[in-house]
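For reference, the structure is listed below as structure tokens.
Number of protein chains: 2
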Amino acid sequence: MTPNLDTTFAALADPTRRALLARLAREEATVMELAQPFSMSQPAISRHLKVLEEAGLILRRVDGTRRPCRLAPDGVAAVDQWLDMLRTALARNYDRLDQVLAEMASPPKNPKRKAP
Amino acid sequence: MTPNLDTTFAALADPTRRALLARLAREEATVMELAQPFSMSQPAISRHLKVLEEAGLILRRVDGTRRPCRLAPDGVAAVDQWLDMLRTALARNYDRLDQVLAEMASPPKNPKRKAP
DNA sequence: TTGTTATATAACATATATATTATATAACAG
DNA sequence: CTGTTATATAATATATATGTTATATAACAA
Numbered sequence: 024m025t026p027n028l029d030t031t032f033a034a035l036a037d038p039t040r041r042a043l044l045a046r047l048a049r050e051e052a053t054v055m056e057l058a059q060p061f062s063m064s065q066p067a068i069s070r071h072l073k074v075l076e077e078a079g080l081i082l083r084r085v086d087g088t089r090r091p092c093r094l095a096p097d098g099v100a101a102v103d104q105w106l107d108m109l110r111t112a113l114a115r116n117y118d119r120l121d122q123v124l125a126e127m128a129s130p131p132k133n134p135k136r137k138a139p
Numbered sequence: 024m025t026p027n028l029d030t031t032f033a034a035l036a037d038p039t040r041r042a043l044l045a046r047l048a049r050e051e052a053t054v055m056e057l058a059q060p061f062s063m064s065q066p067a068i069s070r071h072l073k074v075l076e077e078a079g080l081i082l083r084r085v086d087g088t089r090r091p092c093r094l095a096p097d098g099v100a101a102v103d104q105w106l107d108m109l110r111t112a113l114a115r116n117y118d119r120l121d122q123v124l125a126e127m128a129s130p131p132k133n134p135k136r137k138a139p
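As given, the protein sequences belong to chains R and H, one line each in that order. Residues in the first sequence are numbered consecutively from 24, following my numbering. Residues in the second sequence are numbered consecutively from 24, following my numbering.
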């Protein structure tokens with residue numbers, strides 16, 4: 024049940040699924056409640072929810088005939104962990120740019136200078 | 024050229040593309056350098072790079088006949104911004120859980136008690 | 001039990017993604 | 001100019017995703 028990055032990013036790539044997550048960010052909701060605002064069939068929503076569940080982005084509990092859904096932390100955690108690599112690299116690039124700009128402002132050390 | 028979330032998440036959903044990004048997290052690289060470790064045709068890599076560029080995840084400069092690629096901040100920024108909604112909601116849920124556990128440990132205020 | 005409600009699954013059509021090979025373009029080396 | 005290298009694009013095959021309708025399941029209400 025541990026989410027896989029392919030699955031999780033792909034789940035997040037669909038606007039309907041992101042809208043479902045946005046709705047669940049407010050509060051837990053049943054399948055019918057989630058389906059209601061969309062001009063889409065109930066089976067389509069059920070499928071989207073299954074994708075979100077397999078992505079580790081939602082959890083479902085059983086309440087009689089209803090399956091209330093709520094946000095799950097695992098998917099976001101997996102994504103965040105992976106993105107950290109990019110964030111770190113981007114921050115490093117940014118620091119290098121800062122350094123270059125600083126060297127342009129004040130004269131660089133210029134260790135191996137050729138004759139002008 | 025502003026990345027769209029569908030596009031950016033979909034770009035991140037492919038393992039080849041995430042491997043390319045991981046490679047670029049180390050340093051800038053040309054298309055051939057990026058293609059070399061993969062058992063995949065050069066046109067396939069070119070297409071993946073185009074997807075990453077349209078997702079705001081990489082930038083390309085022109086260097087003679089080469090097109091060195093490097094990471095771009097826009098895609099990650101867009102993703103991060105959207106994910107903040109989920110992070111906030113999940114943190115709120117977690118706080119509520121903390122509260123429930125605290126109430127279970129020490130007796131709750133119990134404002135409207137019925138006769139036992 | 002019988003009808004109704006909530007949800008899931010199956011079968012299917014269509015769209016989109018991804019890879020391949022062949023080919024175009026454009027810079028470079030000679 | 002000519003051949004080579006780096007990259008992009010076109011044509012095409014195949015796989016995957018997404019939606020629809022029809023139907024199954026399972027709890028509830030009467």
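Glycine included, each C-beta is placed from N, C-alpha and C at the ideal position. Every value quoted in this text rests on a predicted model; they were computed, and no experiment measured them.
Check: Just the chain H side, please: which residues come within less than 8 Å of F61/R by C-beta, in chain order?; Outcome: Here the premise fails: no neighbours, minimum Cβ distance about 16 Å.
Check: Quick check on L75/R: does DSSP put it in helix, strand or coil?; Outcome: helix
Check: Does DSSP classify D86/H as helix, strand or coil?; Outcome: strand
Check: Which residue marks the beginning of the beta strand (DSSP E) containing L94/R, and which one marks its end?; Outcome: C92 to L94
Check: Should R136/R go down as buried or exposed, given a rule of 16 or more other Cβ atoms within 10 Å for buried?; Outcome: Unreliable placement is indicated for R136/R, whose pLDDT of 39 sits below 50; no coordinate value is reported for it.
Check: Could you work out which residues of chain H lie near L57/R, taking near to mean beta carbons separated by less than 9 Å?; Outcome: Near L57/R there are no residues of chain H at all, since even the closest Cβ is about 15 Å away, more than 9 Å.
Check: CA-CA distance, L75/H and T30/H?; Outcome: 9 Å
Check: Strictly by DSSP, which residues pair up with I68/R?; Outcome: Beta-bridge pairing links I68/R to no other residue.
Check: In whole angstroms, what separates the C-alpha of D36/R from that of D121/R?; Outcome: Sequence inspection shows Ala at residue 36/R; the Asp mentioned does not correspond to that position. Rounded to whole angstroms, A36/R to D121/R spans 34 Å at the Cα level.
Check: In the DSSP assignment, find the unbroken alpha helix (DSSP H) run with M63/R in it and report its ends.; Outcome: Run containing M63/R: none; DSSP gives neither H nor E here.
Check: Kindly give me the distance between the Cβ atoms of E51/R and P91/R, rounded to whole angstroms, as I take these residues to be in contact under 8 Å.; Outcome: 5 Å
Check: Give me the Cα-Cα distance between A112/R and A42/H, rounded to the nearest whole angstrom.; Outcome: 14 Å
Check: Rounded to the nearest angstrom, what separates T39/H and H71/H at their Cα positions?; Outcome: 8 Å
Check: Residues of chain H with a CB under 8 Å from the CB of V99/R: which are they?; Outcome: L106, L109, R110 and L113
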